[in-house]
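Positions 351 to 551 (this note's numbering) are the ones given, in order, by the sequence shown.
All C-beta atoms in this analysis are idealised placements derived from N, C-alpha and C, irrespective of residue type, glycine included.
Model, not experiment: these values are computed from the prediction.
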Amino acid sequence: MPMRNYLAVATAAVLIGGAGTLLVAPASASPSAISHFDGGSFETPTVAANTFQGLATGQSVGAWRVTSGNVDLIGAGYWQAAEGDQSVDLNGTNAGAVSQTFTTVPGTTYMVTYSLAGNPEGSPNLKTGKVLVSGQNFQDFSFDTTGKTTTNMGYVRRQVTFVATSTSTTLTFTSTTPNSAWGPVIDDVTVKACPPPPCCG
Ligand SMILES: [Ca+2]
Ligand SMILES: [Ca+2]
Numbered sequence: 351m352p353m354r355n356y357l358a359v360a361t362a363a364v365l366i367g368g369a370g371t372l373l374v375a376p377a378s379a380s381p382s383a384i385s386h387f388d389g390g391s392f393e394t395p396t397v398a399a400n401t402f403q404g405l406a407t408g409q410s411v412g413a414w415r416v417t418s419g420n421v422d423l424i425g426a427g428y429w430q431a432a433e434g435d436q437s438v439d440l441n442g443t444n445a446g447a448v449s450q451t452f453t454t455v456p457g458t459t460y461m462v463t464y465s466l467a468g469n470p471e472g473s474p475n476l477k478t479g480k481v482l483v484s485g486q487n488f489q490d491f492s493f494d495t496t497g498k499t500t501t502n503m504g505y506v507r508r509q510v511t512f513v514a515t516s517t518s519t520t521l522t523f524t525s526t527t528p529n530s531a532w533g534p535v536i537d538d539v540t541v542k543a544c545p546p547p548p549c550c551g
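What follows is the structure, encoded as structure tokens:
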């Protein structure tokens, strides 16, 4: 078993090395491939079914990072996800935020779409939060959980567009629901570069 693992790692290293050689070839390539937007459905890491995991500031949720307070990563079956199995309660035991930094092309318009609901298990009924782009407030959102349940979350689809001003952009979802363990819920975040106008209907 240990030897098999060793061989697998060695093989992977060789393959990565080969790909690296190809990437290096165009000497004039732009210098900024930090990352691409990823993990918008919050499916990794996998949380045990019918449970959730609290994550504090500085901890990772796949490609995201908790950047203030704390959040809960909700496992399959605990409540309905908008896409896949998992979603995020932006209030862990109190208001939190998740952020992701990804590569962008300055001057290009990007469309962010996401699914929004609220943790139906506690007050207040009206959950509030914000979408920030590189620290600037781009959208206030709210969701009323009146009549919603864990099996009828009532997700709505929202969108925000921004024009990139830098080779990297940080997208943040933050709760503004204070003094509560039951916050806004997000899932299925996508980021797409828009074609030249008119676009992004
Ligand atoms: Ca999901
Ligand atoms: Ca919570």
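Check                                                                                                                                                        : Outcome
Taking the alpha-carbon positions, what's the Pro528 to Asn469 distance?                                                                                     : 14 Å
Where Asp538 and Gly497 are concerned, what is the direct C-alpha to C-alpha distance, given to the nearest angstrom?                                        : 22 Å
What's the call for Asn420, buried or exposed, on a 16-neighbour Cβ count within 10 Å?                                                                       : buried
Could you pull out every residue in the same chain whose Cβ sits closer than 6 Å to the Cβ of Thr478, ignoring the five residues on either side in sequence? : Ser492, Thr526, Thr527
Could you check which residue in Thr463, Ile424, Ser484 has the C-alpha nearest to that of Thr540?                                                           : Thr463
Measure the C-alpha to C-alpha separation of Lys542 and Thr454 and round it to an integer number of angstroms.                                               : 10 Å
Within 10 Å of its beta-carbon, does Val483 have 16 or more other beta-carbons around it, so buried, or fewer, so exposed?                                   : buried
CB-CB under 8 Å to Glu471, same chain, minus the five flanking residues each way: which ones, in chain order?                                                : Thr500, Trp532
Out of Asp494, Leu466, Phe402, which one is the CA nearest neighbour of Asn475?                                                                              : Asp494
Within 10 angstroms of the Cβ of Thr524, are there 16 or more other Cβ atoms? Answer buried if so, exposed if not.                                           : buried
Any idea if Gln486 is buried or exposed, counting beta-carbon neighbours within 10 angstroms, 16 or more meaning buried?                                     : exposed
Quick check on the DSSP output: the beta strand (DSSP E) that includes Tyr505 runs from which residue to which?                                              : Run containing Tyr505: none; DSSP gives neither H nor E here.
Can you check whether the CB of Gly412 is closer than 8 Å to the CB of Thr394?                                                                               : yes
For Arg344, which option in Pro545, Met461, Ser530 has the closest C-alpha, if you only look at C-alpha atoms?                                               : This structure leaves residue 344 out entirely; the chain is present only between 351 and 551.
Could you have a look at Ala447 and say whether DSSP puts it in helix, strand or coil?                                                                       : strand
Is Asp339 near ligand 2, judged by its Cβ being under 7 Å from some heavy atom?                                                                              : This structure leaves residue 339 out entirely; the chain is present only between 351 and 551.
Would you mind giving the Cβ-Cβ distance between Pro456 and Thr407, rounded to the nearest angstrom? I have them listed as a contact below 8 Å.              : Not confirmed; about 29 Å, so no contact.
What residues in its chain sit with their C-beta under 8 Å from that of Ser418, if we drop five residues either side in the sequence?                        : Thr407, Ala445, Gly446, Ala447, Thr524
Who are the Cβ neighbours of Ser530 in its own chain at under 8 Å, not counting the five residues just before and after it?                                  : Asn441, Asn444, Ala445, Gly472, Ser473, Pro474
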